[in-house]
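Enquirer:
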Amino acid sequence: MVNGPGLYSDIGKKARELLFKDYQNDHKFTITTYTSTGVEITSTGIRKGEIYLADVNTKLKNKNITTDIKVDSNSNLLTTVTVDEPAPGLKSIFSFIFPDQKSGKVELQYRHEYAGISTSLGLTATPIVNFSGVVGNDLVAVGTDLSFDTASGNFIKYNAGLNFTHADLIASLTVNDKGDTVNASYYHVVSPLTNTAVGAELSHSFSSNENMLTIGTQHALDPLTLVKARVNNYGRANAVIQHDWNPRTRVSLSGEVDTGAIEKSAKVGLAVALKP
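Each residue of the sequence shown is one higher than the one before, starting from 6 at the first, in our numbering.
1. Could you tell me the distance, in whole angstroms, from the CA atom of Phe136 to the CA atom of Ser270?
2. Specify whether the region 17-28 and the region 182-193 touch according to this definition: at least 3 beta carbon pairs, one from each stretch, less than 8 Å apart.
3. How is Glu22 classed by DSSP in three states: helix, strand or coil?
4. Is there contact here, the region 138-153 with the region 167-176, by at least three beta-carbon pairs under 8 Å?
5. Consider the C-beta atom of Val232 and the heavy atoms of the ligand NAP; say whether any pair is separated by less than 6 Å.
6. What do you get for Leu198, buried or exposed, if any count of 16 or more other CB atoms within 10 angstroms of its CB means buried?
7. So Asp60 and Thr49 are in contact, right, with Cβ under 8 Å, and what is the actual spacing, rounded?
8. Residues in its own chain within less than 7 Å of Asn237 by CB, not counting five upstream and five downstream?
9. Mind checking whether His224 and Thr254 have CB atoms under 7 Å apart?
10. Starting from the C-beta of Asn159, find all residues in its chain whose C-beta is less than 8 Å away, skip the five residues before and the five after it, and write them out in chain order.
11. How is Ala266 classed by DSSP in three states: helix, strand or coil?
12. State the start and end residues of the unbroken beta strand (DSSP E) segment that holds Ala156.
13. What are the boundary residues of the beta strand (DSSP E) that Glu112 is part of?
14. Nearest to Val277 by alpha carbon, out of Pro10, Ile51 and Glu22?
15. Can you look up Asp182 in the DSSP assignment and give me helix, strand or coil?
Structure (structure tokens):
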């Protein structure tokens, strides 16, 4: 693994995972099995209100080539082929969705000690070209994320970000939505022994003049149980508890309460992941 600034998607990633990952109000069940030849098959079922969704994902790894094939309940076939380290620091990804003939995409990622670059190209006559780049080191990184539509000749996305890392603290600043939104976040590890961390994100939209502040924390009650909680300035409070029954089985129970409308019922989500 190459140490360095990482990719643009790594800017603010720790804070986003703390504040937004694992929180859900749906019911999700996942089971993963393995064949004698090493093929990994994962079946997932999700209940969203009165809607049921399902998909089956098959993963095959041969040396440095990983092939993922997923079929969902809408009969879409998503195929992703990843070639890891065809050259030092390089990763190539090819993906497409059948029957969408315009979904094909090729992506190249390159990680260096002082830079991280990701570029992708749609496999159409007038493709959308994406480029993101970061320069810096393990302490400071600055980067940009661009998308260009060759059909219209316009940039449809241009973002910029700054990441600062020091010991147990990560602070990030990003400008998104063509300069309309500014996000500032931080992530702080309080105690590595108990996996205790705190974080916050402040988002400001210039077009609507609205602010969104989210603060959260996590703490491991024991080596098998993790508790997370968050609250935002609109009064929505969430909590999730994850427990590993064994190294291959995880149960997550989450809930959401709107303190501004306490008379409404709380939302509860359940996720079970099994790997027999």
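Even for Gly, the Cβ is constructed at its ideal location relative to N, Cα and C.
Expert: On the basis of the coordinates in this document:
1. Translated into positions along the sequence shown, residue 136 becomes position 131. Translated into positions along the sequence shown, residue 270 becomes position 265. Rounded to whole angstroms, Phe136 to Ser270 spans 44 Å at the Cα level.
2. Three or more Cβ pairs drawn from the region 17-28 and the region 182-193 lie within less than 8 Å of each other, which places the two stretches in contact.
3. For the purposes of this step, residue 22 is taken as the residue at position 17 of the sequence shown. Helix at Glu22.
4. Three or more pairs of CB atoms, one per stretch, sit closer than 8 Å, so the region 138-153 contacts the region 167-176.
5. Only the bare structure without any ligand can be found here, which leaves the ligand NAP out of the picture.
6. Counted from its first residue, the sequence shown places residue 198 at position 193. Counting the other CB atoms within 10 Å of its CB gives Leu198 a total below 16, which places it among the exposed residues.
7. For the purposes of this step, residue 60 is taken as the residue at position 55 of the sequence shown. For the purposes of this step, residue 49 is taken as the residue at position 44 of the sequence shown. Right, the Cβ-Cβ distance comes to about 5 Å (below 8 Å), so this counts as a contact.
8. In the sequence shown, the residue the question calls residue 237 occupies position 232. For Asn237, where only same-chain residues beyond five positions count, the Cβ hits under 7 Å are Met217, Leu218 and Thr219.
9. Locating residue 224 in the sequence shown gives position 219, where the first residue counts as 1. Locating residue 254 in the sequence shown gives position 249, where the first residue counts as 1. Contact flag unset, no.
10. On the sequence shown, residue 159 is found 154 positions in, with the first residue counted as 1. Closer than 8 Å at Cβ, skipping near neighbours: Phe153.
11. Taking the sequence shown and counting its residues from 1, the one referred to as residue 266 is at position 261. In the three-state DSSP reduction, Ala266 falls in the helix class (H, G or I).
12. By one-based count along the sequence shown, residue 156 stands at place 151. First-last for Ala156: undefined, no H or E at that position.
13. As a first step, residue 112 must be located in the sequence shown, where it is residue number 107. Here the beta strand (DSSP E) through Glu112 covers Lys110 to His117.
14. On the sequence shown, residue 277 is found 272 positions in, with the first residue counted as 1. Residue nearest to Val277 within the set Pro10, Ile51 and Glu22 is Ile51 (criterion: CA-CA distance).
15. Residue mapping note: residue 182 aligns to position 177 of the sequence shown, counting from 1. Helix at Asp182.
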